[in-house]
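Note sheet for the following structure.
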Amino acid sequence: MFLTSAAAALIMLMTPVRADPSSLPVVASFSILGDLVKSVGGDRVDVATIVGANGDAHVYQPTPRDGRKLAAARLVFVNGLGFEGWIDRLIAASKTKANIVTASKSVTARAGEHGVDPHAWQDVANALIYVANIRDALIEADPQGAEFYKANANAYQAKLTALDEDIRQGVASIPKERRRIVSTHDAFGYFAARYGLEFIAPQGVSTESEASARDIARIIEAAKQHKVAAVFLETIVDPRLTQRIAAETGAKVGGALYSDSLSDATGPAATYIDMMRHNVRELTKAFAPPPQPSPATRERE
Ligand SMILES: [Zn+2]
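Position in the sequence shown counted from 1, then plus 173, gives you the numbering used here.
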């Protein structure tokens, strides 16, 4: 059975903030972080996420309901690195007594075009650090669950290590000279640095500011100059921008890459691991060299 989005929204409104009174109530600021917390916390935690699937945390407007989630929480997980510009005000307004946990603590931050780049989770090695921070915070808040959290974190970190290797191999299959990408927001700096790709973004690190005509002109010029083979639509900004760039540069428009949010449960990026695998699939598809003509075709030439 499929619910209409209005019915789904109504059910969400009717769902109590805390589902199971025996589990640890925690909040994650956005969907990707929520998935990491669930992977470590399992049944012992009840995770409420503020910016949900397909949401844009850069420009999110908190609601009174978010304040109630924070007030009911024992832990609040945030990305940090300036990603959630609205979170401090929300924390203050909610009067929550929760411990605020910065999941990116100890990550080596990279500089973006406009300050610190917050998208550290796009490097799987950083996701391993997030998971360790989440594990430690959960153990501190719920010491009785220590062994459970450690076991979950270990099992999940093993999956992440396999994911990291698969991404390396996926990228390695793309010819080096084709690994240049235009995407609509500068969210893949950590991914590019770890896996050896070059992303050219027409907008800055944050989606808060609209790309100016000058930005777009600069990118079209860069795409032509670097002979970019593909342009990727991003899930959370106006796709007309990238389509125009593709039209003017002759580059192929690839499928959607997920950067800042998961898809809904039925989509291709329902979890962090699914999201990263989806992105690599889309990249390798778009950057695969054009199919070689078969010998039969060649004979006819
Ligand atoms: Zn972003």
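Virtual Cβ for every residue (Gly too), placed ideally from N, Cα, C.
Given the structure is predicted, the values throughout are model-derived calculations rather than measurements.
Can you look up residue i in the DSSP assignment and give me helix, strand or coil?
{"i": "Pro316", "result": "helix"}
{"i": "Pro198", "result": "strand"}
{"i": "Phe405", "result": "strand"}
{"i": "Ala429", "result": "strand"}
{"i": "Ser204", "result": "helix"}
{"i": "Gly285", "result": "strand"}
{"i": "Glu455", "result": "helix"}
{"i": "Asn327", "result": "helix"}
{"i": "Ala345", "result": "helix"}
{"i": "Asn272", "result": "strand"}
{"i": "Ala221", "result": "strand"}
{"i": "Asp388", "result": "helix"}
{"i": "Phe321", "result": "helix"}
{"i": "Glu394", "result": "helix"}
{"i": "Asp437", "result": "coil"}
{"i": "Arg413", "result": "helix"}
{"i": "Arg351", "result": "helix"}
{"i": "Phe136", "result": "Absent from the structure is residue 136, since the part of the chain shown begins at 174 and ends at 474."}
{"i": "Leu254", "result": "coil"}
{"i": "Leu209", "result": "helix"}
{"i": "Val232", "result": "helix"}
{"i": "Ser356", "result": "strand"}
{"i": "Val249", "result": "strand"}
{"i": "Asp296", "result": "coil"}
Can you list, in chain order, the residues of its chain whose CB lies under 8 Å from that of residue i, leaving out five sequence neighbours each side?
{"i": "Phe321", "result": "Gly215, Arg217"}
If residue i sits next to residue j, beta carbons under 8 Å apart, how far is it from one beta carbon to the other, in whole angstroms?
{"i": "Asn306", "j": "Ala276", "result": "5 Å"}
{"i": "Leu301", "j": "Leu333", "result": "6 Å"}
{"i": "Val142", "j": "Tyr329", "result": "Nothing can be reported for residue 142, as the shown portion of the chain is limited to 174 through 474."}
{"i": "Ile476", "j": "Leu456", "result": "The requested residue 476 is not part of the displayed model; the chain covers only 174 to 474."}
{"i": "Ile389", "j": "Leu414", "result": "7 Å"}
To which residues of the same chain is residue i closer than 6 Å at the C-beta, ignoring the five residues directly before and after it?
{"i": "Ala271", "result": "Ala246, Arg247, Leu248, Val249"}
{"i": "Gly319", "result": "A small fix is needed here, since residue 319 is Ala in this sequence, not Gly. Cβ within range, chain order: Ile312."}
{"i": "Ile340", "result": "Tyr368, Val453"}
{"i": "Ala419", "result": "Val404, Val426"}
{"i": "Ser267", "result": "Gly240, Leu243, Ala244"}
{"i": "Ser204", "result": "Thr222, Gly225, Ala226, Ser434, Leu435"}
{"i": "Lys323", "result": "none"}
Tell me which same chain residues have a C-beta within less than 7 Å of the C-beta of residue i, skipping the five on either side of it?
{"i": "Ala442", "result": "Tyr431, Leu435, Ser436, Met448, His451"}
{"i": "Asp239", "result": "Ile223, Leu263"}
Indicate, with yes or no, if ligand 2 has a heavy atom lying under 7 Å from the CB of residue i.
{"i": "Ala271", "result": "Questions concerning ligand 2 fall outside what the structure shown contains, since the ligands it does hold are ligand 1."}
Given a cut-off of 8 Å on the beta-carbon distance, is the pair residue i and residue j in contact?
{"i": "Ile223", "j": "Val199", "result": "no"}
{"i": "Tyr368", "j": "Val344", "result": "yes"}
{"i": "Gln295", "j": "Ala226", "result": "no"}
{"i": "Val453", "j": "Ile392", "result": "no"}
{"i": "Ser202", "j": "Val274", "result": "no"}
{"i": "Val220", "j": "Val210", "result": "yes"}
{"i": "Lys458", "j": "Thr422", "result": "no"}
{"i": "Thr439", "j": "Asp208", "result": "no"}
{"i": "Leu197", "j": "Asp315", "result": "yes"}
Assess contact between the segment 223-238 and the segment 256-272, defined as three or more Cβ pairs (one per stretch) separated by less than 8 Å. Is contact present? yes
For the structure I just gave you, are there three or more beta carbon pairs, one from the segment 390-407 and one from the segment 418-436, closer than 8 Å? yes
With a cut-off of 8 Å, do at least 3 Cβ pairs link the segment 345-355 to the segment 280-287? no
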